[in-house]
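Encoded as structure tokens, the structure appears first; notes follow it.
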Amino acid sequence: MTYERLAYEDPDTAVKMHLDCTACASEMSLPRPLISPEALDSVPSIEYDDFPREIRKPEITVTDATAHLAARLHLHLD
Numbered sequence: 004m005t006y007e008r009l010a011y012e013d014p015d016t017a018v019k020m021h022l023d024c025t026a027c028a029s030e031m032s033l034p035r036p037l038i039s040p041e042a043l044d045s046v047p048s049i050e051y052d053d054f055p056r057e058i059r060k061p062e063i064t065v066t067d068a069t070a071h072l073a074a075r076l077h078l079h080l081d
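The structure is reproduced here in structure tokens:
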């Protein structure tokens, strides 16, 4: 193999890498991608303003029976 990638060499653009992968997949007769472009339209937002400021943590209740069972099993979960 004659191709040698140097450590300081910049990678190609995302579009070029995607086209390279698509060309390789078509040459190898790989199946179509499982994620369709239409599915990407319904992706939830990751914008900071779209999330609530405070998220309450769920409360965990331990009944007496559960505590007794854990004590009998000698579960020391610290």
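No gaps in the numbering here: position 42 of the sequence shown is 45 in my numbering, and each next residue is one more.
All residues carry an ideal CB built from backbone N, CA and C; glycine is no exception.
Going by DSSP, what residue range makes up the alpha helix (DSSP H) through residue i?
| i | result |
| --- | --- |
| residue 29 | 17-30 |
| residue 77 | Premise fails: residue 77 is in no alpha helix (DSSP H) and is neither H nor E. |
Within its chain, find whatever has a CB closer than 7 Å to the CB of residue i; leave out the 5 residues flanking it on each side and keep chain order.
| i | result |
| --- | --- |
| residue 53 | none |
Between residue i and the rest of its own chain, which residues show a CB-CB distance below 8 Å, the 5 nearest in sequence each way excluded?
| i | result |
| --- | --- |
| residue 20 | 14 |
| residue 57 | none |
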